[in-house]
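Undergrad: What follows is a structure written as structure tokens; I'll ask about it next.
In full-length UniProt numbering, the protein residues as written are 1 to 603.
This is the structure we're talking about:
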């Protein structure tokens, strides 16, 4: 075997000498190496210096040998008509290349033509993929992209949305694989614009789906002799509650969602996964398919199906509670219209007596609320609009009636041993000076009083809600929009129909599931609003507005900026530090869309 041509790791070599267990190989550059026989492949018995400049080989001559195993010498003689060191080396290169042949120990397997075509197709795809990747890398390094790059950027978007941990293109352009870096990068190349809201996707909020539904026929009490007022914002067409009076009885009517969305049904799971409607500046993501809203919204047809709650009240004490599936006649109106009619419409005047009684009852029981300024944020026609949240007598009127409904059903559920998701709030540690002037707190005093509130919670136990001044309370009036309201409706509907209701263990499980969904809804709402508030300031760089000092922290003043619903801490010189409740005109100093924050400075 001495002076034979062999292949070692793809390189030609000469066997210079042989010992008992080792072969001395000599390479073209003069280097030598001792190796075992199994480490190299025999090519030709005569060594000559070979090169890779091989003549074209006509592979078709081996067509009849498909799927057969031949020796290297046989393959070489068929392809090159001779078996020389050079022609054998060329055959070795073809085998190593792997398209038409592959090694089976020291012999060569001839691939079938179908397998060859498959390899060609795969290699072409890999070539195109490599070219596409390089095209994308070149574009991104120049802070641009085109349609061909979109699949790579979609992978980056998944990282930005926290739906994936890795996008290979980021490795090639020197960007870390984490959601903050990916999002910042997509903003930089303008794949995302500042107006894009990433938070629903980042927190896994399910999108709306359309599901066909039908309203089952059930026995209903005819209450169409009453005028039922559905009071909502101008332009709203999804009213889910209405109010009326009949003699000395107050009636609260609610969209009868539970007749379509049964407990444990597919639609029920759909709603529970979402937890509530998600109201974002640029869109509403619904808890239930919009087809259900269209079928059940009050006032959409001449008569509407409802779950109606009737009650009498004397000095705030509720009695004679009725809960029925009903059919009602609805008059849709607006807060603005009701403000004009509150002291003129006989029905509203009578309902106001219930409102006044109930509000007085709660105030006597120690209710407390802090009316800090808040804003509504909307993104319409590529512009952010920020407006103060509206307050009016009619809104307070409706809010008190809805609280009355929650207290009434809480009382009804306890009287009839129906397990419910009660809303509760522990007693706050309010200083006496706050309680003494709770109706007349300044902005700074209200802000400081927030820390004395206890967090609200949901429980199967009917415990007090101290903020509302009630011994027990549950949410009942928005089953189209909130899952806890829907759950309460399901329990009520089953009870009045004589069907089994969910037990404590199951309702407790559902509360845990729904709380997780609501946590995501809360975060997405906050983050989205702050995102668009910052965009508003970016769209209005010369904006100025009043800031109210709510706290002093050393040489820094904490400002609440009511007009845009933001807060910021500003440092002052020692002799210029303002006092709580001072009002100072501010302008924008810096905006960080990534952090959803803005810094301000005095004008």
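Yeah, the Cβ is synthetic: ideal placement off N, Cα and C, and Gly gets one too.
Starting from the N-terminal side, write out each stretch of the alpha helix (DSSP H) that is 4 residues or longer and does not extend beyond the segment 174–227.
TA: Qualifying alpha helix (DSSP H) stretches, in chain order: 179–188 and 199–202.
Undergrad: To test your reading of the DSSP string, which unbroken beta strand (DSSP E) runs of 3 or more residues are found completely within the segment 521–578?
TA: Runs of the beta strand (DSSP E) inside the segment 521–578: 544–553, 556–561 and 566–571.
Undergrad: Determine the burial state of residue 111: buried for a count of at least 16 other Cβ atoms within 10 Å of its Cβ, exposed for fewer.
TA: In the chain shown, residue 111 corresponds to position 111, counting from 1. Answer is buried; the Cβ neighbour count reaches 16.
Undergrad: Quick one: which unbroken beta strand (DSSP E) runs of 3-plus residues sit fully inside the segment 95–148? Chain order, please.
TA: As far as the segment 95–148 is concerned, its whole beta strand (DSSP E) runs of at least 3 residues are 101–104 and 107–110.
Undergrad: Would you kindly check if the distance between the Cβ of residue 255 and the Cβ of residue 298 is under 9 Å?
TA: Taking the first residue of the chain shown as 1, we reach residue 298 at position 298. Taking the first residue of the chain shown as 1, we reach residue 255 at position 255. Taking 9 Å as the Cβ cut-off, residue 298 and residue 255 qualify as a contacting pair.
Undergrad: Expressed to the nearest angstrom, what Euclidean distance is found between the alpha-carbon atoms of residue 497 and residue 327?
TA: Here residue 497 corresponds to residue number 497 of the chain shown, with the count starting at 1. Here residue 327 corresponds to residue number 327 of the chain shown, with the count starting at 1. If I take the Cα positions, the gap works out to 16 Å.
Undergrad: Give the C-beta separation of residue 421 and residue 488 to the nearest angstrom, bearing in mind that I take them to be a contact with Cβ-Cβ under 8 Å.
TA: As a working mapping, residue 421 is identified with position 421 in the chain shown. As a working mapping, residue 488 is identified with position 488 in the chain shown. The Cβ separation is near 6 Å, so the contact holds.
Undergrad: Cα separation between residue 24 and residue 44?
TA: The residue given as residue 24 occupies position 24 in the chain shown. The residue given as residue 44 occupies position 44 in the chain shown. Taking the straight line from one Cα to the other gives about 16 Å.
Undergrad: Would you mind sorting residue 589 into buried or exposed? The rule is 16 or more other CB atoms within 10 Å of its CB.
TA: Taking the chain shown and counting its residues from 1, the one referred to as residue 589 is at position 589. Under this definition residue 589 is an exposed residue.
Undergrad: Judging by CA-CA distance, which residue of 2, 223 and 278 is the nearest neighbour of residue 251?
TA: Position 251 of the chain shown, counting from 1, holds the residue named residue 251. Measuring from the Cα of residue 251, the nearest candidate turns out to be 223.
Undergrad: For residue 429 versus residue 452, is the C-beta spacing smaller than 9 Å?
TA: Here residue 429 is taken as the residue at index 429 of the chain shown, counted from 1. Here residue 452 is taken as the residue at index 452 of the chain shown, counted from 1. In contact: residue 429 and residue 452 (Cβ atoms closer than 9 Å).
Undergrad: Mind reading off the beta-carbon distance from residue 529 to residue 419? Whole number of angstroms is fine, and I expect it under 8 Å.
TA: Sequence index remark: in the chain shown, residue 529 carries index 529 (1-based). Sequence index remark: in the chain shown, residue 419 carries index 419 (1-based). That pair is no contact at about 35 Å.
Undergrad: Report back the beta-carbon spacing between residue 406 and residue 474 to the nearest angstrom; my notes put them in contact at under 8 Å.
TA: Here residue 406 is taken as the residue at index 406 of the chain shown, counted from 1. Here residue 474 is taken as the residue at index 474 of the chain shown, counted from 1. Right, their Cβ atoms sit about 5 Å apart.
Undergrad: Do residue 182 and residue 201 have their beta-carbon atoms positioned less than 9 Å apart in this structure?
TA: For the purposes of this step, residue 201 is taken as residue 201 along the chain shown, with counting starting at 1. For the purposes of this step, residue 182 is taken as residue 182 along the chain shown, with counting starting at 1. Result no, Cβ atoms of residue 201 and residue 182 do not sit closer than 9 Å.
Undergrad: Could you check how far apart the C-beta atoms of residue 486 and residue 456 are, in whole angstroms? I think they sit under 8 Å.
TA: Walking along the chain shown from the start, residue 486 turns up at place 486. Walking along the chain shown from the start, residue 456 turns up at place 456. In fact, because the Cβ distance is near 19 Å, the residues do not count as touching under 8 Å.
Undergrad: Considering just the uninterrupted stretch of the beta strand (DSSP E) at residue 305, what are its terminal residues?
TA: In the chain shown, the residue the question calls residue 305 occupies position 305. From DSSP, the beta strand (DSSP E) with residue 305 extends over 304–314.
Undergrad: Assuming residue 5 and residue 57 make a contact with CB atoms under 8 Å, what is their CB distance in whole Å?
TA: Here residue 5 refers to the residue found at position 5 of the chain shown. Here residue 57 refers to the residue found at position 57 of the chain shown. About 18 Å; that fails the 8 Å criterion.
Undergrad: Between the alpha carbons of residue 120 and residue 286, how many angstroms are there, rounded?
TA: Residue numbering aside, residue 120 sits at position 120 when the chain shown is read from its first letter. Residue numbering aside, residue 286 sits at position 286 when the chain shown is read from its first letter. Their Cα atoms are separated by approximately 50 Å.
Undergrad: From the DSSP output, in three-state form, read off residue 229 for me.
TA: Within the chain shown, the letter at position 229 stands for residue 229. Correct three-state label for residue 229: strand.
Undergrad: Can you tell me the Cα-Cα spacing of residue 137 and residue 506, whole angstroms?
TA: Residue mapping note: residue 137 aligns to position 137 of the chain shown, counting from 1. Residue mapping note: residue 506 aligns to position 506 of the chain shown, counting from 1. Straight-line Cα distance between these residues: approximately 53 Å.
Undergrad: Specify the secondary structure class of residue 361 as computed by DSSP and reduced to three states.
TA: Within the chain shown, the letter at position 361 stands for residue 361. Three-state result, residue 361: helix.
Undergrad: Considering only residues of the segment 319–387, which uninterrupted alpha helix (DSSP H) runs meet the minimum length of 4 residues and lie entirely inside it, listed in chain order?
TA: Counting only runs of 4 or more, we get 335–341 and 346–364.
Undergrad: State the Cα-Cα distance for the pair residue 580 and residue 549, rounded to the nearest angstrom.
TA: One-based indexing of the chain shown puts residue 580 at position 580. One-based indexing of the chain shown puts residue 549 at position 549. Answer to the nearest angstrom: the Cα atoms are 5 Å apart.
Undergrad: According to DSSP, simplified to helix, strand and coil, what is residue 489?
TA: Within the chain shown, the letter at position 489 stands for residue 489. Residue 489: helix per DSSP, three-state reduction.
Undergrad: Out of curiosity, what's the CA-to-CA distance linking residue 266 and residue 211?
TA: Counted from its first residue, the chain shown places residue 266 at position 266. Counted from its first residue, the chain shown places residue 211 at position 211. Looking at the two C-alpha atoms, the distance is approximately 10 Å.
Undergrad: Here's the rule: buried if 16 or more other CB atoms are within 10 angstroms of the residue's CB, otherwise exposed. What is residue 514?
TA: As a position in the chain shown, residue 514 is number 514, starting the count at 1. Buried.
Undergrad: Using three-state DSSP, classify residue 259 as helix, strand or coil.
TA: Indexing the chain shown from 1 puts residue 259 at position 259. Residue state, collapsed to three classes: helix.
Undergrad: Would you kindly report the start and end of the unbroken beta strand (DSSP E) that includes residue 640?
TA: Look at the range of the chain in this structure, 1 to 603, and you will see that residue 640 is not part of it.
Undergrad: Checking 9 Å against the spacing of the C-beta atoms, do residue 309 and residue 253 come in under that value?
TA: For the purposes of this step, residue 309 is taken as the residue at position 309 of the chain shown. For the purposes of this step, residue 253 is taken as the residue at position 253 of the chain shown. Contact flag set, yes.
Undergrad: I'd like to check one pair, residue 412 with residue 321: are the Cβ atoms closer than 9 Å?
TA: The residue given as residue 321 occupies position 321 in the chain shown. The residue given as residue 412 occupies position 412 in the chain shown. Closer than 9 Å, so yes.
Undergrad: Can you grab the Cα-Cα spacing for the pair residue 368 / residue 565, in whole Å?
TA: In the chain shown, residue 368 corresponds to position 368, counting from 1. In the chain shown, residue 565 corresponds to position 565, counting from 1. When rounded, the distance between both Cα atoms is 22 Å.
Undergrad: Tell me the DSSP bridge mates of residue 425?
TA: Here residue 425 corresponds to residue number 425 of the chain shown, with the count starting at 1. Its beta-bridge partners are 456 and 465.
Undergrad: Answer with buried or exposed for residue 51, where buried requires no fewer than 16 other C-beta atoms within 10 angstroms of its C-beta.
TA: Here residue 51 refers to the residue found at position 51 when the chain shown is read from its first residue. Exposed, because fewer than 16 other Cβ atoms sit within 10 Å of the Cβ of residue 51.
Undergrad: So what does residue 599 bridge to, in DSSP terms?
TA: Counted from its first residue, the chain shown places residue 599 at position 599. In the DSSP output, where bridge partners are listed per residue, residue 599 has 590.
Undergrad: Is the segment 122–142 touching the segment 152–169 in the sense that three or more CB pairs, one from each, lie closer than 8 Å?
TA: The segment 152–169 vs the segment 122–142: in contact.
Undergrad: With three or more C-beta pairs closer than 8 Å as the rule, is the segment 266–282 touching the segment 171–188?
TA: No, because fewer than three Cβ pairs between the segment 171–188 and the segment 266–282 fall closer than 8 Å, the two stretches do not touch.
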